[in-house]
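*Asks:* Numbering (our numbering), first residue to last: 22 to 244.
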Amino acid sequence: MTMTDTYTLTLYNRSTAPRWTFAVYTVVPVSGSDRLAPVAWLTKTVDSGDSVTFEWTLDHRLVFAAQGIDTGTEWTEAASMPVSAGTHDNAARIGYQSGGHMFTLEPAEARPTTPGRLYVDTDPNVPEYGPIGGPTVGLALSGGEQNRPSTFAPAIVGTSGPGLSHAFDLDPTYYIDAGTIRQGTLVDFDAVTGFQKVEFGPGRFSSEWTLDASDTWVPGPPA
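(1) Say whether the segment 113-127 touches the segment 49-65, bearing in mind that this needs 3 or more beta-carbon pairs closer than 8 Å, one atom from each stretch.
(2) Closest to K65 by C-alpha separation, out of G151, V208 and R40, would be which residue?
(3) Could you please give the first and the last residue of the uninterrupted alpha helix (DSSP H) stretch that includes V213?
(4) Quick one: what's got a C-beta closer than 6 Å to A100's C-beta in the same chain, skipping five residues either side?
(5) Measure the C-alpha to C-alpha separation of Y140 and V49 and round it to an integer number of angstroms.
(6) Give me the residue from D80, H109, V208 and N146 with the minimum Cα distance to I115.
(7) With a threshold of 6 Å on Cβ separation, who are the neighbours of E229 within its own chain once the five nearest residues in sequence on each side are excluded?
(8) Please name the residue, chosen from S171, G182, A161 and S186, that lies closest to A129 on a Cα-to-Cα basis.
(9) Which same chain residues end up closer than 6 Å to T37 when comparing Cβ atoms and leaving out the 5 residues on each side of it in sequence?
(10) Between A58 and chain C, is there a C-beta pair that is closer than 8 Å?
(11) For the beta strand (DSSP E) holding H109, just list the boundary residues, first then last.
(12) Who are the near neighbours of S72 in its chain, counting only those whose CB is closer than 8 Å to its CB and skipping five residues on each side?
(13) Can you tell me whether DSSP reads G151 as helix, strand or coil?
(14) By how many angstroms is the C-alpha of H109 removed from the C-alpha of T214?
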């Protein structure tokens with residue numbers, strides 16, 4: 022696996038319901054946060070009998086927002102910064118200008134160039150976390166529908182605060198679900214880990230799943 026490998030996930034809708042919104046979630050370990058919330062990362066409304074293929078690479082951005090983690094609401098980044106694990110561009114710093122009540126997101130001094138790990142540090146004067154104003158930090162990944170331009174969208178966010186060191190371990194676990202959710206919506210961590218897990222084995226970069234007539238996910242294309 023490299024950062025440039027392309028993953029594809031094809032989801033078939035064979036439900037008896039007229040349509041569902043298919044959603045892909047990405048969960049990675051994040052240290053330094055008291056609470057994590059996955060975000061509906063890739064979504065597409067798919068009619069019964071149709072399918073969608075999502076495609077992504079393991080390219081990342083560190084993202085930040087001055088809002089809390091309230092499941093069921095949309096998380097909107099205030100700033101983002103491209104980063105690259107295993108290089109000297111692997112860290113960001115969140116500062117705070119108290120006079121203007123403004124946050125900043127800037128490159129930070131490189132941390133140990135550990136493959137598969139990114140870092141976010143916060144300045145000592147960053148406010149304590151609050152349910153309305155945050156702050157929250159997160160990880161965005163590049164992806165979208167196959168044969169369409171990819172975009173960076175937040176995948177998981179966590180609470181932050183003053184003088185913290187966050188580390189994102191880039192060993193993603195993927196989950197899928199069918200519902201009515203909108204892209205960018207925060208979801209309870211325990212709920213997501215109860216969804217259908219999608220695993221890519223060594224050397225595997227594609228997977229297919231079918232939502233059958235009983236609204237159960239089964240591996241592979243429709244029978």
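All C-beta atoms, glycine included, are put in the ideal place defined by N, C-alpha and C.
*Replies:* Well, looking at it:
(1) no
(2) R40
(3) F210 to V213
(4) Only F85 and L126 meet the Cβ criterion.
(5) 13 Å
(6) N146
(7) T31, G241 and P242
(8) S186
(9) In the same chain as T37, and ignoring 5 residues on each side of it, the C-beta atoms closer than 6 Å to its own belong to A234, in chain order.
(10) Any reference to chain C falls outside this structure, which holds one protein chain only.
(11) Note, H109: premise wrong, no beta strand (DSSP E); not H, not E.
(12) T31, L32, Y33 and N34
(13) strand
(14) 32 Å
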